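Here this note's numbering is used: the first residue of the sequence shown is 746, the next is one more, and so on.
Backbone N, C-alpha and C define an ideal beta-carbon position, used for all residues, glycine too.
Note that the structure is predicted; figures quoted are calculated from it, not measured.
What follows is a set of notes on a single structure, which appears directly below.
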Amino acid sequence: MNAKVIPFEETIRKHGIELTRKPLEILQINVGKLCNQACLHCHVEAGPKRTEIMEKRTVDRLLDLLSLSPDIHTVDLTGGAPELIPSFRYLVTECRRLGKEVIDRCNLTVLFEKGQETTAQFLRDERVRIVASLPCYSKDNVDKQRGNGVFGKSIRALNLLNELGYGKEGTGLGLDLVYNPLGAFLPPDQVELEREFKEELKNLFGIEFNRLYTITNMPIKRFLRDLERSGKLQEYMELLVSSFNVQAALGVMCLNLLSVSWDGQLYDCDFNQMLEIPIFWKKRTIWEVESLEELTRAPIAVADHCYGCTAGDGSSCSGALI
């Protein structure tokens, strides 16, 4: 990162903040970089030509560790498009058998890919919570960021999920949407934007959903290169730094979350994973640890991209922190 900023580590030290992992509650598994889309903001740099996918032996090792981790209540599956890996249904079924809540971070359009004809029904049967990407209720904005035709398919997918009971009151089938800005600025107020999304999607398409999460674009990978090409990197980093929020820093998601890569490497979060910033621990893979609880009280590895999670109302995989 070329922009000159106050190091994030120095900022949190100035405020007396020490980021140390608490007991784990969420295991986020990045099952691979294969995706049917190639979005401009994607910090994973996922796409149709990526070949990195989680093997079954890695899935089995994770399941063994999860069986020994009663405090981990949620398994958060991300990618790429998680549904595209061969072991996806096996992983979901076994996690549910262990009594874990499962989140599928779904790009929606994958539900119409060849071989995915029954995926939506499978997710419903396993009562998987869906967190779906929809950066806007405008066709032009969505297609600009995610590719031509993505908006139309996304609306069809949301209608399909609604028909299965997702997002409907009383069904217990969670359907949450994710908004991220279309440029180098912070997300608007999450509560107000959720109200606006619900009103527009209901009126325009009859779509219902549970919650909207606002997520700040992280200045890494594809989005970083886009900032560099447009000459906005310095401006964006200055915005993040000037918007640093102590309360957001005290509630960052890495405090009770552990990230696992497709090949079994351990990281403090998905962003650190993509930058290959290892955890501060002598054992750094699922093959070396005997229990995931070993990582409790380990210090969190930070870098300047962490300003993205602590700016404004904060940002996490579950939306705003404040």
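- If you draw a straight line from the Cα of residue 778 to the Cα of residue 1014, it is about 16 Å long.
- Beta bridge pairing from DSSP links residue 956 with 921.
- The beta carbon of residue 1054 is closer than 6 Å to those of 997 and 1060 in its chain, skipping five residues each way along the sequence.
- In the three-state reduction of the DSSP assignment, residue 840 falls in the helix class.
- Counting only the Cα atoms, residue 789 lies some 24 Å from residue 1037.
- By the 16-neighbour rule on beta-carbons within 10 angstroms, residue 751 is exposed.
- Straight through space, the alpha carbons of residue 954 and residue 945 are spaced by roughly 12 Å.
- With at least 16 other beta carbons inside 10 angstroms of its own, residue 895 counts as buried.
- Boundaries cannot be given for residue 1042, as no beta strand (DSSP E) includes it and DSSP labels it neither H nor E.
- Nearest in C-alpha terms to residue 982, of all of 963, 1033 and 810, is 963.
- Annotation for residue 850: no alpha helix (DSSP H) segment contains it, though the beta strand (DSSP E) segment containing it runs 846-851.
- Minimum Cα-Cα distance from residue 920 among the listed residues 1007, 995, 808 and 879 corresponds to 879.
- If you check the CB distance, residue 929 and residue 977 come in under 8 Å.
- Partner residues in a beta bridge of residue 1063, as assigned by DSSP, do not exist.
- Going by DSSP, residue 823 is part of the beta strand (DSSP E) stretching over 819-823.
- In the three-state DSSP reduction, residue 771 falls in the strand class (E or B).
- Only buried fits residue 943, as 16 or more other CB atoms lie within 10 angstroms of its CB.
- Per the coordinates, the alpha-carbon of residue 1021 lies some 31 Å from the alpha-carbon of residue 893.
- When beta bridges are read from the DSSP output, residue 867 appears opposite no residue.
- Per DSSP, residue 975 lies in no beta strand (DSSP E) segment; the continuous alpha helix (DSSP H) that holds it begins and ends at 966-975.
- Going by beta carbons, residue 979 and residue 1067 fall outside the 8 Å limit.
- For residue 876, the enclosing beta strand (DSSP E) stretches over residues 874-878.
- In the displayed model, residue 813 falls within coil according to three-state DSSP, outside both helix and strand.
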